[in-house]
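Trainee: Count along the sequence shown from 1, add 1, and you get the number used in the numbering used here. Ideal placement from N, C-alpha and C gives every residue a C-beta, glycine not left out. Treat the numbers as computed from the prediction; the structure is a model and nothing was measured.
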Amino acid sequence: MAGIIGSCLVVLTALYLISGGFMKQTYMEPWSKGYAETYSDPRVCLAASGLLAASNHNMQPWKIKLDKSDSMAFYLYADSSRMTSEVDPDARQMMISQGTFLEYVAVAGEKEGWNVDIELFPDGTYDESNLAESMDMKPVAKMVLSRSPSQSSALYEATFLPDTNREAYKTDQLSSTQASTLESLSSESGASIKLYQDKGDLERIGEYALEGATIEAGVTRVMDESNAIFRANEYEKNEYRYGYSVEGQGTSGFMRDILQGLVTLFPSMNTGTAASQNFINYTQTSVSNTPAYAMIVTTGNSRIDQVESGMLYSKLVLTGHTLGLVMQPLSQVLEEYPEMQVPYTAFKQEYAPDGGTVQILFRVGVPTESAPLSMRRDVQSLISEDE
Ligand SMILES: Cc1cc2nc3c(=O)[nH]c(=O)nc-3n(C[C@H](O)[C@H](O)[C@H](O)COP(=O)(O)O)c2cc1C
Numbered sequence: 002m003a004g005i006i007g008s009c010l011v012v013l014t015a016l017y018l019i020s021g022g023f024m025k026q027t028y029m030e031p032w033s034k035g036y037a038e039t040y041s042d043p044r045v046c047l048a049a050s051g052l053l054a055a056s057n058h059n060m061q062p063w064k065i066k067l068d069k070s071d072s073m074a075f076y077l078y079a080d081s082s083r084m085t086s087e088v089d090p091d092a093r094q095m096m097i098s099q100g101t102f103l104e105y106v107a108v109a110g111e112k113e114g115w116n117v118d119i120e121l122f123p124d125g126t127y128d129e130s131n132l133a134e135s136m137d138m139k140p141v142a143k144m145v146l147s148r149s150p151s152q153s154s155a156l157y158e159a160t161f162l163p164d165t166n167r168e169a170y171k172t173d174q175l176s177s178t179q180a181s182t183l184e185s186l187s188s189e190s191g192a193s194i195k196l197y198q199d200k201g202d203l204e205r206i207g208e209y210a211l212e213g214a215t216i217e218a219g220v221t222r223v224m225d226e227s228n229a230i231f232r233a234n235e236y237e238k239n240e241y242r243y244g245y246s247v248e249g250q251g252t253s254g255f256m257r258d259i260l261q262g263l264v265t266l267f268p269s270m271n272t273g274t275a276a277s278q279n280f281i282n283y284t285q286t287s288v289s290n291t292p293a294y295a296m297i298v299t300t301g302n303s304r305i306d307q308v309e310s311g312m313l314y315s316k317l318v319l320t321g322h323t324l325g326l327v328m329q330p331l332s333q334v335l336e337e338y339p340e341m342q343v344p345y346t347a348f349k350q351e352y353a354p355d356g357g358t359v360q361i362l363f364r365v366g367v368p369t370e371s372a373p374l375s376m377r378r379d380v381q382s383l384i385s386e387d388e
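#1: Does E129 pass the burial test, meaning 16 or more other C-beta atoms within 10 Å, or should it be called exposed?
#2: Excluding the 5 residues flanking R232 on each side, which residues of the same chain have their C-beta closer than 6 Å to its C-beta?
#3: Does E336 come out as helix, strand or coil in the three-state DSSP assignment?
#4: Using beta-carbon positions only, say whether A1 and Q198 come within less than 8 Å of one another.
#5: Would you call the stretch 335-346 and the stretch 301-310 touching, i.e. three or more CB-CB distances under 8 Å?
#6: Hey, could you find the ends of the alpha helix (DSSP H) Y124 is sitting in?
#7: In whole angstroms, what is the alpha-carbon distance linking A180 and R93?
#8: Measuring CA to CA, which of A54, Y236, L183, S149 is closest to L103?
#9: Nearest by alpha-carbon distance to Y170: which of S185, G100, I5, Q285 is it?
#10: Using three-state DSSP, classify Y283 as helix, strand or coil.
#11: Please report the straight-line C-alpha distance between L16 and L266, rounded to a whole angstrom.
#12: Leaving out five residues before and five after N234 in sequence, what residues of the same chain have Cβ atoms less than 6 Å from its Cβ?
#13: Could you tell me which uninterrupted beta strand (DSSP E) segments, each at least 3 residues in length, are contained entirely in the stretch 29-112, listed from first to last along the chain?
#14: Just verifying my parser: in three-state terms, what is the DSSP assignment at K143?
#15: Using DSSP with H/G/I as helix, E/B as strand and the rest coil, what is L196?
#16: Within its chain, find whatever has a CB closer than 7 Å to the CB of E30; leave out the 5 residues flanking it on each side and keep chain order.
#17: Quick check on the DSSP output: what are the complete alpha helix (DSSP H) runs of length 4 or more inside the stretch 310-366, in order along the chain?
#18: Near G100, which residues of its chain fall below 8 Å by C-beta distance, leaving aside the five closest residues on each side in sequence?
#19: For N302 and S382, what's the separation of their Cα atoms in angstroms?
#20: DSSP three-state label for I398, please.
#21: Could you tell me if P330 is buried or exposed, where buried requires 16 or more neighbouring beta carbons within 10 angstroms of its beta carbon?
#22: Are V117 and M96 closer than 8 Å when you measure CB to CB?
#23: Can you name, in chain order, every residue of its own chain whose Cβ lies under 7 Å from the Cβ of F122, other than the five neighbours on each side?
#24: I'd like to know whether the C-beta atoms of L405 and V108 end up nearer to each other than 8 Å.
#25: When you compare the CB positions of G213 and T291, do they come within less than 8 Å of one another, or not?
#26: With 16 as the cutoff for other CB atoms within 10 Å, does Q350 come out buried or exposed?
#27: Can you name the residues that DSSP bridges to I384?
#28: State the DSSP-derived secondary structure class of N228, mapped to helix, strand or coil.
Structure below.
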């Protein structure tokens, strides 16, 4: 008996060491409340809040240029080296992720006593036939700071919470106050929020979400692209600070290190057929435990529409937190690669019949479990000063 216990302890200790469980988690530093304040330049301070926002595949595809001639101005660029072209061939999700960042900057600005004037595409929009080069040349936004009274803000406090909760949600429908508060955030710019809570809609949207996930699970190049940014252990998480990790699949604490140790030793646990099956199972659990879906719909599908949808999504997530609600995008059926075309077209016809675009489909509800925080890059790695 003592021998068995001893062997188990040896195995667990080995897995813990392989996982890097003893390491300092530098990839978590940006979540600390004092992190942004360590920067005296308010632009860097606000960028440090911006990078807490949600992004597609946690790519954090952001570049910041500080204006050398104006200490109150800075620019956000989409980082073309961070495109995920298989899953997001039109870079639509990447542009939504620019908006999520901008809204966080604006919310942090209010708290820190800065009005952030945001001008989208100040040098004009992209040359779509030369997209990557265009992203490098043209900023998504120019941000200019001016002093305003500092305001304590529940939305700011919520920026320190995880944006994405992939766990089961309680079955309770949203209260009429929760629903109307979220719906009232539809922006003046034209991005609107649609909420679905009827049994029929829940089933129908759930079927689309599951069909999308099942198709995606079968497209090897898309799965490979996602698996390539999976960080198996603490060494990799500290090195890259973006992408996925086991926390996103609902594992935390000591179990996290055991699983990370196993996945490091046996990578096939989280690649190929195993990864695909995991993904389908996970989506099945999600859709079976969802009391409401919501969508952000735009009339057009311009780059500005996409960025504004991201801003609205951040606003929804943060407001949701203040109402005790959490969210999770389910993007697959909205993705533009050829294998998704049949459900993509059917979904669009059903939920945006007037030719609009569903920019984000997401679950909403009261969580049954809290979600862990995910990796974040160091703000200084976003910044270049050659403007
Ligand atoms: C445009 C966009 C699409 C996303 N799509 C999905 C998705 O399909 N499934 C999912 O679980 N999370 C999705 N997410 C959430 C990201 O994976 C998440 O923001 C990222 O991993 C960081 O985690 P956090 O939001 O908890 O900080 C999406 C986020 C954005 C901005």
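Mentor: Here's the rundown:
#1: For the purposes of this step, residue 129 is identified with residue 128 of the sequence shown, where counting begins at 1. E129 is exposed by the Cβ-count criterion.
#2: Position 231 of the sequence shown, counted from the first residue, corresponds to residue 232. Only K238, Y241, G244, S246 meet the Cβ criterion.
#3: If you number the sequence shown from 1, residue 336 lands on position 335. Of the three classes helix, strand and coil, the one that applies to E336 here is coil, per DSSP.
#4: The shown model of the chain, from 2 to 388, leaves out residue 1, and the question about it has no answer.
#5: no
#6: On the sequence shown, residue 124 is found 123 positions in, with the first residue counted as 1. Tyr is not the amino acid found at residue 124; the sequence shown has Asp there. Careful: D124 lies outside any alpha helix (DSSP H) and carries neither H nor E.
#7: On the sequence shown, residue 180 is found 179 positions in, with the first residue counted as 1. On the sequence shown, residue 93 is found 92 positions in, with the first residue counted as 1. Their Cα atoms are separated by approximately 27 Å.
#8: Position 102 of the sequence shown holds residue 103. Of A54, Y236, L183, S149, the residue nearest in Cα terms is A54.
#9: What you label residue 170 is simply residue 169 of the sequence shown in a count that begins at 1. Among S185, G100, I5, Q285, the Cα nearest to that of Y170 belongs to Q285.
#10: Reading the sequence shown from its first residue, position 282 is the one you call residue 283. Helix, per DSSP.
#11: Along the sequence shown, read from residue 1 onward, the residue named residue 16 stands at position 15. Along the sequence shown, read from residue 1 onward, the residue named residue 266 stands at position 265. One C-alpha to the other measures close to 9 Å.
#12: Against the sequence shown, residue 234 aligns to sequence position 233. Closer than 6 Å at the Cβ level, and outside the excluded window around N234, lie S20, G21, Q261, T265.
#13: 63-67, 74-79
#14: Reading the sequence shown from its first residue, position 142 is the one you call residue 143. The answer is strand: DSSP assigns K143 an E or B state.
#15: What you label residue 196 is simply residue 195 of the sequence shown in a count that begins at 1. Strand.
#16: Within the sequence shown, the letter at position 29 stands for residue 30. Around E30: Y36.
#17: 342-352
#18: Counting from one through the sequence shown, the residue named residue 100 turns up at place 99. So the list reads Q307, V308, E309, S310, G311, M312, L313, Y314, S315, once near-sequence residues are dropped.
#19: As a first step, residue 302 must be located in the sequence shown, where it is residue number 301. As a first step, residue 382 must be located in the sequence shown, where it is residue number 381. Approximately 31 Å, taken between the alpha carbons.
#20: Past the boundaries of the shown model lies residue 398; the chain is included only from 2 to 388, so the question cannot be answered.
#21: The count along the sequence shown starts at 1 and reaches residue 330 at position 329. Buried, since its Cβ has 16 or more Cβ neighbours within 10 Å.
#22: Counting from 1 along the sequence shown, the entry for residue 117 is found at position 116. Counting from 1 along the sequence shown, the entry for residue 96 is found at position 95. A distance of 8 Å or more separates the beta carbons of V117 and M96.
#23: By 1-based counting over the sequence shown, the position of residue 122 is 121. Result list for F122: K139, V141, R304, I305, in chain order.
#24: Only positions 2 to 388 of the chain appear in this structure, which leaves residue 405 out of reach.
#25: Along the sequence shown, read from residue 1 onward, the residue named residue 213 stands at position 212. Along the sequence shown, read from residue 1 onward, the residue named residue 291 stands at position 290. Cβ atoms of G213 and T291: not closer than 8 Å.
#26: Translated into positions along the sequence shown, residue 350 becomes position 349. That one is exposed.
#27: In the sequence shown, the residue the question calls residue 384 occupies position 383. Paired residues: I65.
#28: Against the sequence shown, residue 228 aligns to sequence position 227. In this structure, N228 counts as helix in the three-state DSSP scheme.
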